[in-house]
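In the working numbering, the protein residues as written are 42 to 107. Here a beta-carbon is modelled for each residue, glycine too, at the ideal position from N, C-alpha and C. One structure below.
Below, the structure is given as structure tokens:
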């Protein structure tokens, strides 16, 4: 017959659960509008990436008004 499994201690249980924690996001400050954004992503507020305008945000604003 099989033998009942041994109980794991609380320390061993908690040490395993530490690995499941959420990692914090690396937020940086946009060089143009100073908003917090994710690294390596175009700023959704101003449309700049690495100091250059990549997305025309005013075009989107005008399109929504129509």
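Pair within 9 Å by beta-carbon distance, residue i and residue j
| i | j | result |
| --- | --- | --- |
| residue 63 | residue 79 | no |
Nearest neighbour of residue i, chosen from the options [CA to CA]
| i | options | result |
| --- | --- | --- |
| residue 75 | 87, 65, 66, 81 | 87 |
| residue 95 | 103, 73, 45 | 73 |
| residue 91 | 50, 71, 60 | 71 |
Three-state secondary structure assigned by DSSP to residue i
| i | result |
| --- | --- |
| residue 96 | coil |
| residue 79 | strand |
| residue 44 | coil |
Within-9 Å CB hit, residue i to chain B
| i | result |
| --- | --- |
| residue 106 | In the structure shown, chain B cannot be found, because there is only a single protein chain. |
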